[in-house]
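Worksheet: one structure, shown below.
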Amino acid sequence: MSSKEKLVKEAFELPTKLGEIPFSVVVKVSSGYDVLPIDMANTEDKELIETIKKLLAEYMKVSLSSHPAFKGKRINDVGRQIEPQIRHELNRAPFEVELLGKAGYPDMKLTYKGKVTYLEMKTTSTISQSRLRTFYYTGGKKLTTTAHHLLLLILASPAGTDYWKIDSLTLSDLSGLSVKLKPEFNANKTDLMNVSARLFSVK
0 MSSKEKLVKE AFELPTKLGE IPFSVVVKVS SGYDVLPIDM ANTEDKELIE TIKKLLAEYM
60 KVSLSSHPAF KGKRINDVGR QIEPQIRHEL NRAPFEVELL GKAGYPDMKL TYKGKVTYLE
120 MKTTSTISQS RLRTFYYTGG KKLTTTAHHL LLLILASPAG TDYWKIDSLT LSDLSGLSVK
180 LKPEFNANKT DLMNVSARLF SVK
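Reminder that position 71 of the sequence shown reads as 70 in numbering that gives the first Met the number 0, one-by-one numbering, no gaps.
Rendered as structure tokens:
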């Protein structure tokens, strides 16, 4: 077995060796920053969570009355409609919201009373298999400080052909989350179009 083959073998064996890893450890190692747990006994933490809850409750109330169903063949299509609306709802006093780009964790940075909270949103279906990957983390390039890390899970269910309705919005503290490593080998479009591998092209 060549040295490269040994490394590939080790890569596939690593998830079993690591097992479940605290998300806070993964963030610390990859970014150098700590994940702060939410402490509901702390006045500022309690205010933060209660303010988010109030804004999301207002969004749900308005959404159910004015926009009870979202059109989309796939749940991802629905998420692309709902998530910007929620960002807009959160982007008002006392919060400052900064969108952190399209790809990779986290979606946005919330600033509340000068303190940062990272927020990730995921829209998923009530009919999805629970073992399908919903959350993933590939590195800490977007993280710039020690902060709270929250996940907003948007649960939607079918409401007719190609229509979906929001069932619930669930906010979770990621400081207690455990994650698993899933090795993946990938290639981009340029790699796949490499002339040396091409057999033919029909136009």
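C-beta atoms are modelled at their ideal positions from N, C-alpha and C, and glycine is treated no differently.
Look at residue i and residue j and say whether their C-beta atoms are less than 8 Å apart.
{"i": "residue 207", "j": "residue 85", "result": "Summary: the structure shown does not reach residue 207, with the chain confined to residues 0 through 202, and so no result is reported for it."}
{"i": "residue 34", "j": "residue 174", "result": "yes"}
{"i": "residue 121", "j": "residue 110", "result": "no"}
{"i": "residue 169", "j": "residue 152", "result": "yes"}
{"i": "residue 161", "j": "residue 71", "result": "yes"}
{"i": "residue 20", "j": "residue 177", "result": "yes"}
{"i": "residue 97", "j": "residue 108", "result": "yes"}
{"i": "residue 147", "j": "residue 51", "result": "no"}
{"i": "residue 182", "j": "residue 40", "result": "no"}
Name the one or two DSSP bridge partners that residue i has.
{"i": "residue 161", "result": "Paired residues: none, contrary to the question."}
{"i": "residue 153", "result": "122 and 168"}
{"i": "residue 146", "result": "34"}
So, at 8 Å on beta carbons, what are the nonlocal neighbours of residue i in its own chain, with the 5 sequence-adjacent residues on each side left out?
{"i": "residue 185", "result": "none"}
{"i": "residue 156", "result": "124, 125, 126, 163, 164 and 166"}
{"i": "residue 27", "result": "33 and 34"}
{"i": "residue 18", "result": "179"}
Helix, strand or coil: which one does DSSP assign to residue i?
{"i": "residue 114", "result": "strand"}
{"i": "residue 178", "result": "strand"}
{"i": "residue 21", "result": "strand"}
{"i": "residue 201", "result": "coil"}
{"i": "residue 12", "result": "helix"}
{"i": "residue 191", "result": "helix"}
{"i": "residue 99", "result": "coil"}
{"i": "residue 108", "result": "strand"}
{"i": "residue 1", "result": "coil"}
{"i": "residue 186", "result": "coil"}
{"i": "residue 27", "result": "helix"}
Sorted by chain position, which residues of the same chain lie with C-beta nearer than 7 Å to residue i's C-beta, five sequence neighbours on each side aside?
{"i": "residue 202", "result": "none"}
{"i": "residue 62", "result": "165"}
Could you name the residues of the same chain whose beta carbon sits closer than 6 Å to that of residue i, not counting the 5 residues immediately before and after it, in chain order?
{"i": "residue 82", "result": "120"}
{"i": "residue 138", "result": "29"}
- Output the residue ranges of the alpha helix (DSSP H) runs that lie fully inside the region 34 to 94 and measure 4 residues or longer, sorted by chain position. 42 to 65 and 74 to 89
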